[in-house]
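A.B. asks: The following block contains the structure, expressed as structure tokens.
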Amino acid sequence: MFDTEDAIIRVDMSEYMEKHTVSRLVGAPPGYVGYDEGGQLTDAVRRKPYSVILLDEVEKAHPDVFNIFLQLLDDGRVTDSKGTTVNFRNTIVIFTSNIGSQAILDLNGSSEEDSQGIMRDRVTSAMKDHFKPEFLNRIDEFVIFNSLSKADLREIVKLEAKRLEKRLADRQISMVLKDDALDHLADVGFDPVYGARPLKRTIQRELETIVAQGILRGDYRDGDSIVVGVMDGKLDVQQAVNAAILPAST
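This is how it looks when you write it as structure tokens:
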């Protein structure tokens with residue numbers, strides 16, 4: 001959107017659960033420790049006025065933090081602890097939240113005709129129970145994500161596997177991940193509650209560790225190709241055999 005990944009400003013709202021942490025966003029008041037350091041949010045936007053602001057897990061923030069958000073969303077500006085007005089009008093603000101996630105899990109794969117509409121109603125109701133109306137009324141759009149499908153998980157596995165492939169390429173070792181291996185990693189690494197977060201750890205444990213141990217044992221050398229499949233319910237890594245095609249004897 002702004003032609004660079006550096007334009008994103010991410011703030012973990014779980015770090016703002018206490019009342020006194022509000023000052024970290026806009027800076028400590030005069031006479032308090034950290035006054036000269038400025039605010040985490042206001043200073044970041046002052047340095048990068050054209051940016052995407054990602055406020056992660058906003059439901060964990062202390063209620064007093066939302067007073068700052070009301071000013072930001074309504075006026076497009078925030079006044080920091082030094083009295084300086086910071087312009088937010090060239091930023092895009094994205095809040096993420098897990099509010100209503102149980103409703104999404106409950107309706108995942110539902111055969112109800114209007115399951116999407118029911119899910120949206122339940123999530124909206126959960127948000128209204130948690131957030132104040134004046135905050136919700138200042139948000140332009142609500143985007144509700146469905147649970148990850150099997151196809152989504154396979155794509156995530158492919159992305160993570162490509163990182164391993166790049167590291168192996170430094171040793172001139174190529175790797176092929178068969179479809180059954182993709183399905184196995186997607187199944188083992190997915191958790192209905194935590195989503196795809198455990199997937200990376202599963203790939204490290206079930207794939208990267210096995211390949212690394214094979215390299216250390218000398219099973220795979222520079223220039224080799226390995227194929228990853230499934231045998232007896234576990235990943236199976238084998239060295240590919242390049243069979244030469246010989247001319248028929250006369």
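Sequential numbering from 1 applies to the sequence shown in full-length UniProt numbering.
Just so it is clear, CB atoms sit at the ideal spot from N, CA and C, and this is done for glycine as well.
This structure is a prediction, so every number in the text was calculated from the model and none was measured.
1. Would the region 115-125 and the region 156-169 be scored as touching if the rule is three or more Cβ pairs under 8 Å?
2. Does the region 90-98 touch the region 46-57, meaning 3 or more C-beta pairs lie closer than 8 Å?
3. Please list, in chain order, all residues of the same chain as Thr202 whose beta carbon is under 7 Å from its beta carbon, the five residues on each side excluded.
4. Decide if Arg10 is buried, meaning its Cβ has at least 16 other Cβ atoms within 10 Å, or exposed.
5. Tell me whether the beta-carbon of Leu70 lies closer than 8 Å to the beta-carbon of Val78.
6. Please state the DSSP three-state secondary structure of Lys128.
7. For Phe190, which beta-bridge partners are listed by DSSP?
8. Under 8 Å Cβ to Cβ from Phe2, same chain only, skipping five residues before and after it: list those, please.
9. Hey, Lys19 and Phe66 are a contact pair by Cβ (cut 8 Å); roughly how many whole angstroms apart?
10. May I have the straight-line CA-CA distance separating Glu134 from Asp12, to the nearest angstrom?
11. Does DSSP classify Thr96 as helix, strand or coil?
12. Any idea if Gly100 is buried or exposed, counting beta-carbon neighbours within 10 angstroms, 16 or more meaning buried?
13. Which value, in whole angstroms, describes the spacing of the CA atoms of Leu25 and Gly195?
14. In terms of alpha-carbon separation, which member of Ala61, Lys82, Gly38 and Gln40 lies closest to Ser14?
15. Quick test of your reading: Thr224 and Ile173, contact by CB under 8 Å. State the CB separation rounded to the nearest angstrom.
C.D. replies: According to the data block:
1. no
2. yes
3. Leu185, Val188 and Gly189
4. When all chains shown are included, Arg10 counts as exposed.
5. no
6. In this structure, Lys128 counts as helix in the three-state DSSP scheme.
7. Looking at the DSSP assignment, Phe190 forms no beta bridge with any residue, so it has no partner.
8. Tyr50, Ser51 and Val52
9. So it is not a contact: roughly 12 Å between Cβ atoms.
10. 22 Å
11. coil
12. buried
13. 30 Å
14. Ala61
15. Position check: residue 224 holds Asp in this sequence, whereas Thr was assumed. Right, their Cβ atoms sit about 5 Å apart.
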